[in-house]
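Worksheet: one structure, shown below.
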Amino acid sequence: RKEVEQDPGPFNVPEGATVAFNCTYSNSASQSFFWYRQDCRKEPKLLMSVYSSGNEDGRFTAQLNRASQYISLLIRDSKLSDSATYLCVVKMRGSTLGRLYFGRGTQLTVWP
Amino acid sequence: GAGVSQSPSNKVTEKGKDVELRCDPISGHTALYWYRQRLGQGLEFLIYFQGNSAPDKSGLPSDRFSAERTGESVSTLTIQRTQQEDSAVYLCASSLAGSGGYTFGSGTRLTVV
Chain U
1 RKEVEQDPGP FNVPEGATVA FNCTYSNSAS QSFFWYRQDC RKEPKLLMSV
51 YSSGNEDGRF TAQLNRASQY ISLLIRDSKL SDSATYLCVV KMRGSTLGRL
101 YFGRGTQLTV WP
Chain A
1001 GAGVSQSPSN KVTEKGKDVE LRCDPISGHT ALYWYRQRLG QGLEFLIYFQ
1051 GNSAPDKSGL PSDRFSAERT GESVSTLTIQ RTQQEDSAVY LCASSLAGSG
1101 GYTFGSGTRL TVV
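Here is the structure:
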């Protein structure tokens, strides 16, 4: 079983739509959680960290459920520029302190 | 520097040749990572350096792959006797020790012909 699992999509939504991505992780000792964004043929970039209490950054809301080992990202009022692949990322405690585990990504296309 | 710098940005090599990829991390970032991303695929962990600790090499796919880093400076990833399946984008990232956010370089696109 992979450490981080995501629905690969693709998700195709119209501008203005609300879309949600989910992610599960296998290691209960996971310590920190993130969403990264990767544009086509570009490197991944940190979108936001995910905090236990949930957090919001503009149109983006991230939530964490430790009991279910589940992370989500909600995008409201989608823009064309939101089209990208969204990577769920987990950092685990242990011998490889600091190493991040990446999901394979969920592809989003926002159409006009 | 201001960001993570990788060179070359593109490399085409013949099957069987050796290649060396370079990563220059953000100054002060003690952690450095190499990942590989094949076309249309997710990120595949290769190796992780943290300060002067022994590197985590658990992701290196074969003994043709090796990487070095001296202290907290530049890292090189070497692929010997390249094969066509080595064709991918090789991404380097760095971070402060204990922090979660990586900064990635723009990658080296390796094509083995």
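Listed in order, the protein sequences are those of chains U and A. For the first sequence, counting from 1, position 28 maps to 28 in the numbering used here; every step adds exactly one. Converting from the second sequence to the numbering used here requires adding 1000 to each position, the first position being numbered 1. All C-beta atoms, glycine included, are put in the ideal place defined by N, C-alpha and C.
Segment limits, beta strand (DSSP E) that includes residue i
i, result
"residue 985/A", "Any property of residue 985/A remains undetermined from this structure, which presents chain A solely from 1001 to 1113."
"residue 974/A", "In the structure as shown, chain A starts at 1001 and stops at 1113, and residue 974/A therefore has no counterpart that could be examined."
"residue 75/U", "70–75"
"residue 109/U", "106–111"
"residue 1005/A", "1005–1007"
"residue 1090/A", "1088–1095"
Contact with chain A by residue i, beta-carbon distance below 8 Å
i, result
"residue 5/U", "no"
"residue 100/U", "yes"
"residue 103/U", "yes"
"residue 56/U", "no"
"residue 44/U", "yes"
is_contact[residue i, chain U] using C-beta, thresh 8 Å
i, result
"residue 1014/A", "no"
"residue 1021/A", "no"
"residue 1063/A", "no"
"residue 1102/A", "yes"
"residue 1043/A", "yes"
"residue 1090/A", "no"
"residue 1028/A", "no"
"residue 1106/A", "yes"
"residue 1024/A", "no"
"residue 1056/A", "yes"
Supposed close pair residue i, residue j - CB separation, criterion 8 Å
i, j, result
"residue 1034/A", "residue 1096/A", "Going by Cβ atoms, the distance from residue 1034/A to residue 1096/A rounds to 18 Å, so no, they are not a contact pair."
"residue 1059/A", "residue 105/U", "With 8 Å as the limit, residue 1059/A and residue 105/U do not qualify as a contact, their Cβ atoms being about 18 Å apart."
"residue 1050/A", "residue 1030/A", "6 Å"
Same chain, Cβ closer than 6 Å to residue i, five either side skipped, listed in chain order
i, result
"residue 1089/A", "1037, 1107, 1109"
"residue 1081/A", "1016, 1064"
"residue 1056/A", "1048"
"residue 63/U", "54, 72"
"residue 1074/A", "1024"
"residue 49/U", "34"
"residue 70/U", "24"
"residue 91/U", "31, 32, 100"
Sequence-distant residues of its chain with Cβ nearer than 7 Å to residue i (five each side left out)
i, result
"residue 19/U", "11, 13, 75, 78, 108"
"residue 1083/A", "1015, 1112"
8 Å CB neighbourhood of residue i in its chain, flanking five on each side removed
i, result
"residue 1026/A", "1001, 1002, 1003, 1004, 1094, 1103"
Problem set entry | Contact the stretch 40–60 of chain U vs the stretch 1093–1107 of chain A: 3+ CB pairs below 8 Å | yes
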